[in-house]
Amino acid sequence: MDTEVITVRTGSQATVVDITDRASAFVRGRGDGLLHVFVPHATAGIAIIETGAGSDDDLLTALDSVLPADGRWRHRHGSPGHGRDHVVPAFVTPYASLPVIGGRIALGTWQSICLVDTNGDNPTRQVRFSFLPG
Amino acid sequence: MDTEVITVRTGSQATVVDITDRASAFVRGRGDGLLHVFVPHATAGIAIIETGAGSDDDLLTALDSVLPADGRWRHRHGSPGHGRDHVVPAFVTPYASLPVIGGRIALGTWQSICLVDTNGDNPTRQVRFSFLPG
Amino acid sequence: MDTEVITVRTGSQATVVDITDRASAFVRGRGDGLLHVFVPHATAGIAIIETGAGSDDDLLTALDSVLPADGRWRHRHGSPGHGRDHVVPAFVTPYASLPVIGGRIALGTWQSICLVDTNGDNPTRQVRFSFLPG
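Protein chains in written order, with my numbering: chain A, 61 to 194; chain B, 61 to 194; chain D, 61 to 194.
This is the structure we're talking about:
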């Protein structure tokens with residue numbers, strides 16, 4: 061298994077960052093197998109969605125509605141409402157796995173691999189790519 | 061890695077389609093390993109749930125509640141409310157992975173592999189099965 | 061692929077059980093590869109979240125809000141509101157996959173592997189660990 065950790069700039073606001081190009085570069089030339097994408101953080105996730113047509117913002121809106129950043133959470137470290145960031149990974153998992161065929165991720169036309177980070181307290185994040193040859 | 065793309069009829073309404081039998085047929089005789097199920101579409105997901113006792117409809121009801129098909133979404137292509145279909149895969153991921161033991165998927169008694177498609181604009185969908193030998 | 065089924069006590073209330081230590085013991089000494097965690101039950105899931113600072117309870121609160129244990133569900137077997145337990149796995153999937161490097165799960169500092177069980181009717185659960193060498 062080949063594995064590599066990249067750094068992704070996420071800034072100080074909740075954000076969805078498209079990392080498809082970096083994942084594609086990681087698997088290029090590798091043949092067939094499984095790409096595994098993993099975020100080693102407790103307040104971030106990986107989503108496979110369309111980007112560039114509003115759905116990335118829509119996902120953040122949905123998370124604000126499903127997991128409001130208010131005072132309901134027991135976890136009280138960090139900024140007010142931060143407790144909800146710790147629940148995000150239960151719904152938007154910190155890993156994804158995708159088939160690779162001939163060194164290319166077999167994504168559909170409108171699918172992108174995205175790092176979802178609702179926690180503005182960490183301006184950079186790590187993402188681990190791993191490739192399991194088939 | 062052996063891989064195969066099947067076509068699944070999803071019709072013009074939101075639907076949950078049980079594809080367990082087709083997945084089971086794909087892994088039959090393969091020994092031990094990992095089955096990977098992937099939908100190369102931006103408005104569909106894979107869920108492992110019970111079917112035949114109402115939970116498939118319950119899932120669609122839950123998605124209507126969590127991600128209402130109304131005017132709140134920035135993504136405005138397609139039918140009204142279609143923007144929410146693009147957020148579905150962040151919650152119901154377009155992939156799943158399952159252990160295979162002796163050519164059989166090690167599912168529990170009440171678990172089925174389901175294609176979840178809230179988008180009635182595409183009457184057929186593709187699903188990619190891949191098998192990683194262990 | 062090496063695989064092993066463990067039994068986890070979940071009791072008669074909705075609960076989040078940290079199984080990181082048992083997963084770590086399973087992969088110890090195995091080198092590099094992928095850990096697959098799977099629950100063969102239709103009313104339980106696996107979440108990668110922080111434990112011990114309230115987020116485990118916060119997850120149960122969030123699930124009560126997103127999928128209320130009330131009379132709205134078509135699935136009507138078991139206790140009142142039990143239908144929602146069958147929708148939980150569509151959101152908190154019954155599987156997870158994690159990279160293993162040098163026999164250690166490459167989790168971040170605050171990440172734990174958790175069995176999420178909202179169904180108090182089953183006091184014990186099975187979890188299958190599988191390891192795919194890379």
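Every residue gets a Cβ at the ideal spot worked out from N, C-alpha and C, and that includes glycine. The structure displayed is predicted, hence computed values, not measured ones.
message: Quick check: is the beta carbon of A/D181 nearer than 9 angstroms to any beta carbon in chain D?
response: no
message: Is there a Cβ of chain B sitting closer than 9 angstroms to that of A/S115, yes or no?
response: yes
- prompt: Just reading off the beta strand (DSSP E) that D/D78 is part of, what are its end residues?
  reply: T75 to D78
field: Cβ-based contacts, 9 angstroms cut-off: residues of the region 141-162 of chain A near chain B
entry: F151, V152, T153, A156, S157, L158, P159, V160 and I161
- request: Could you tell me the distance, in whole angstroms, from the CA atom of A/A156 to the CA atom of D/P159?
  value: 11 angstroms
query: How long is the line joining the alpha carbons of A/P100 and A/G114, rounded to whole angstroms?
result: 27 angstroms
field: Those runs of the beta strand (DSSP E) which lie wholly inside the region 88-118 of chain A and span at least 3 residues
entry: 93-98 and 104-109
message: Assuming the contact rule is C-beta atoms closer than 8 angstroms, D/V65 and D/R188 should be a hit. Round their C-beta distance to whole Å, please.
response: 5 angstroms
- prompt: Assuming B/G194 contacts B/L94 under a Cβ cut-off of 8 angstroms, what Cβ separation, rounded to an integer in Å, is found between them?
  reply: 7 angstroms
message: Which complete alpha helix (DSSP H) runs does the region 124-159 of chain A hold, if anything under 4 residues is left out?
response: 148-151
query: CB-CB under 7 angstroms to D/L123, same chain, minus the five flanking residues each way: which ones, in chain order?
result: V148 and T178
query: Is the CB of B/D62 under 9 angstroms away from at least one CB in chain A?
result: yes
- prompt: CB B/A175 to CB B/G105, shorter than 9 angstroms?
  reply: Reading off the sequence, residue 175 of chain B comes out as Leu, not Ala. Yes, the Cβ-Cβ distance between B/L175 and B/G105 is below 9 angstroms.
CB contact check: B/V77 to chain A, cutoff 9 angstroms: no
- prompt: Between B/V152, B/D117, B/L167 and B/D181, which lies nearest to B/T80 when the distance is taken from Cα to Cα?
  reply: B/L167
- prompt: If you drop the 5 nearest sequence neighbours on each side, which residues of the same chain put their C-beta closer than 7 angstroms to that of B/M61?
  reply: S190, F191 and L192
query: What is the residue span of the beta strand (DSSP E) that A/S190 lies within?
result: T184 to P193
- request: Would you mind sorting D/S72 into buried or exposed? The rule is 16 or more other CB atoms within 10 Å of its CB.
  value: exposed
- prompt: For the beta strand (DSSP E) that contains D/T67, what are its first and last residues?
  reply: D62 to R69
task: Would you list the residues sitting across from B/L175 in a DSSP beta bridge?
output: B/V77 and B/I106
- prompt: Going by alpha carbons, who is nearest to A/V76 out of A/R136, A/E110, A/W133 and A/R134?
  reply: A/E110
query: What does A/R90 touch in chain D if you count any residue whose Cβ is under 8 angstroms from its own?
result: Ordered by position in chain D, no residue passes the 8 angstroms Cβ test against A/R90, which lies about 12 angstroms from the chain.
- prompt: Alpha carbon to alpha carbon, what distance is there between B/D130 and D/S139?
  reply: 33 angstroms
Identified DSSP bridge partners for D/R164: D/I161
- prompt: Are the C-beta of D/G71 and some C-beta of chain A separated by less than 9 angstroms?
  reply: no
task: Report the neighbours of D/F86 on chain B: residues whose CB is nearer than 9 angstroms to its CB, in chain order.
output: Those do not exist, as D/F86 stays about 13 angstroms from chain B at its closest Cβ, beyond 9 angstroms.
task: Closer than 8 angstroms, Cβ to Cβ, to anything on chain B: give me those residues from the region 125-136 of chain D, in chain order.
output: V126, L127, R132, W133, R134, H135 and R136
- request: State the Cα-Cα distance for the pair A/T63 and D/A150, rounded to the nearest angstrom.
  value: 29 angstroms
message: Suppose you measure from the CA of D/A85 to the CA of A/H137; what does that come to, to the nearest Å?
response: 30 angstroms
field: Contacts of D/R188 in chain B (Cβ-Cβ under 7 angstroms)
entry: P159 and A166
- request: Please confirm whether A/T153 and A/T67 have their CB atoms less than 9 angstroms apart.
  value: no
- prompt: In terms of alpha-carbon separation, which member of B/D181, B/D145 and B/A83 lies closest to B/T103?
  reply: B/D145
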